[in-house]
Each structure stands twice: as structure tokens, then as C-alpha cells.
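> Numbering (my numbering), first residue to last: 521 to 737.
Where a beta carbon is used, it is the ideal one built from N, C-alpha and C, also for glycine.
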Amino acid sequence: MAVPSLSDTAPGIRPRIQRMGVAMTAERLGWGEPPVEGWTYEQAKKLDLPYEFELVDGAIVVRGMTNQWHDMVRNGIFVALWNAVVPPYRAEAERCMMVDECNTPKPDVLVFDKRDLDAFTLECVPVAKAILAVEVVSHGSRSDDRFRKPGVYAEAGIPYFWRVERGQDDLPEVHEFWLHPEAGVYAPSPDRPTHVGTLKTDMPYPVEIDLRTLVEL
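1. Note down the Cα distance separating V684 from E557, rounded to an integer number of angstroms.
2. Less than 8 angstroms between the C-beta atoms of V656 and H590, yes or no?
3. What is the DSSP secondary structure of T641, counted as helix, strand or coil?
4. Which residues share a DSSP beta bridge with D730?
5. Considering only residues of the same chain and omitting the five flanking positions on each side of L549, which have a CB-CB separation below 6 angstroms?
6. Out of curiosity, what's the CA-to-CA distance linking V599 and D711?
7. Return no unless some Cβ of chain C is closer than 8 angstroms to the Cβ of C644.
8. So, does the segment 645–664 touch the segment 608–627, judging by three or more C-beta pairs under 8 angstroms?
9. Leaving out the 5 sequence neighbours to the left and right, which residues in its chain are closer than 6 angstroms to Y725 when beta-carbon positions are compared?
10. Who does I580 pair with in a DSSP beta bridge?
11. Who are W698's beta bridge partners in DSSP?
12. Could you spell out where the alpha helix (DSSP H) holding E562 opens and where it closes?
13. Measuring only the C-alpha atoms, how far is T733 from R583?
14. Which residues mark the beginning and the end of the alpha helix (DSSP H) in which F598 is found?
15. Confirm, please, whether the CB-CB distance from V631 to A676 is below 8 angstroms.
16. Drop a sphere of 10 angstroms on the beta-carbon of T641, count the other beta-carbons inside from all chains shown, and report buried for 16 or more, exposed for fewer.
17. If we count the other Cβ atoms within 10 Å of its Cβ and call it buried at 16 or more, is R635 buried or exposed?
18. Quick one: using the 10 Å Cβ neighbour count with 16 as the cut-off for buried, is S663 buried or exposed?
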């Protein structure tokens, strides 16, 4: 899950991050000034950053910590999709996706077409290969998970998107969306837009998940 960008909006102020109560400038971290057009993935990975990051329009965005509920739900959905997968698809958790050289989101779970991809060199899945993106809404990244990322995924043409919310009973609720072929935005699944108790769908391939078991320790 993402937290606010490292780049300050005030002119003349070097990018900084706040970690453990200490403000650290980009210069102290060895980054130097960011390129005028923002970082590309190839540039950012050479910085050898000490944390997981995403690129959002060329800005380095730290991936924040998530809680146990979020991680159990993410892992459970990943395992279910992995176990149910059919050729030519593959499911991964937190796999970098290359929308373009300045935008590399990491969905909580990603299903993609693995054909013509090299397991030994693959770093980011090309967005054209992505079939399903899943985001488990985290308190610290609600706007990203509910609005910004779905917008990016829809614009990039990913056919299916699941948004997972924490219900009032603390059980996961899965909101299933399909990409509207003409409008180019996500619309609720015509079959079953919200899954409570059990997730059962045929898209992008048949899978059934007992959502209650995802949060059992």
C-alpha cells in the first residue's frame, strides 16, 4: 500500500521522507536531485533504496506497512487464485507492474498472462499482460485503493478489478468490477457486484473463496 509521495510541493525544498521521527533529505540518502521529468523505473532501481517503493508519475512513493488483517486477506486471495489458476495465467502477490516507465504500481494481487515472459529476467509485468488487479483497502491508502489505482488500471485496459473492503463484522467484502468496453472505466460486475461470505466468480477464471476463512488465525 502506498503513502504520500516523497516529493515536497514547496519549491526549493529537497525531497524528504519522515522515518522514525527523523526528516532525511534526498542528498543525505544519496539520491541527489530528481530528474526534471521524474524518475524512471530504471533510474529509481539504481538508487538502491532501503524500502519497497512504487513510482507514481515519476515520484518515488514508499510502500507503507500494513496490518495483520490486510495481509491475511491479501495472502488468502493470492493462494486461492494461485490454486485455481488455469493456463496461460499466473497469480502473484505484490508484483511490480509496468504501466509506463514512470508508473510502476504493485497491486496486492495480480493475475497476468505469462506467455512470452521470462521468469529469469522479469521484474515488472507489462501492463498489457495484466488480467486482474486486486487491492485490499488499507486505512493509510484508502484514496489510492478506491480511486487512484482503479483509475490507472482502467485507463491501462486491465479487464478486471477487485476492491476488498473490511466490513462492519470485520469480514472481507469483495467488490468485483469489469472494464466497460466503450466507456473505459470499471463498472460493477453484472453477475454479482459484491461478494459477502463467499466469493464465487468465473472471471478471469473460475474461483470460489470462503471469505470468512481468510481472517482466521
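In this structure, then:
1. Spanning the two alpha carbons is a distance of roughly 34 angstroms.
2. Taking 8 angstroms as the cut-off, the Cβ atoms of V656 and H590 count as close.
3. Of the three classes helix, strand and coil, the one that applies to T641 here is coil, per DSSP.
4. Its beta-bridge partners are T718.
5. Note that L549 scores a pLDDT of 46, beneath 50, so its modelled location is shaky and nothing firm can be said.
6. CA-CA distance, V599 to D711, rounds to 23 angstroms.
7. Included in the structure is just one protein chain, with no chain C present.
8. As far as the Cβ criterion goes, the segment 645–664 touches the segment 608–627, which means the pair count is three or higher.
9. Contacts found: V606.
10. DSSP, once it has assigned bridges, lists L575 as partnering I580.
11. In the DSSP output, where bridge partners are listed per residue, W698 has Y680, A707.
12. Start and end: 561–565.
13. Their backbone Cα atoms lie some 26 angstroms apart in a straight line.
14. Judged by DSSP secondary structure, F598 falls within the alpha helix (DSSP H) whose first and last residues are 588–604.
15. Not a contact, by the Cβ cut-off of 8 angstroms.
16. With a 10 Å radius around the Cβ and a threshold of 16 neighbouring Cβ atoms, T641 comes out exposed.
17. Exposed is the label assigned to R635, since fewer than 16 other Cβ atoms lie within 10 Å of its Cβ.
18. With fewer than 16 neighbouring CB atoms inside 10 Å of its own CB, S663 falls in the exposed class.
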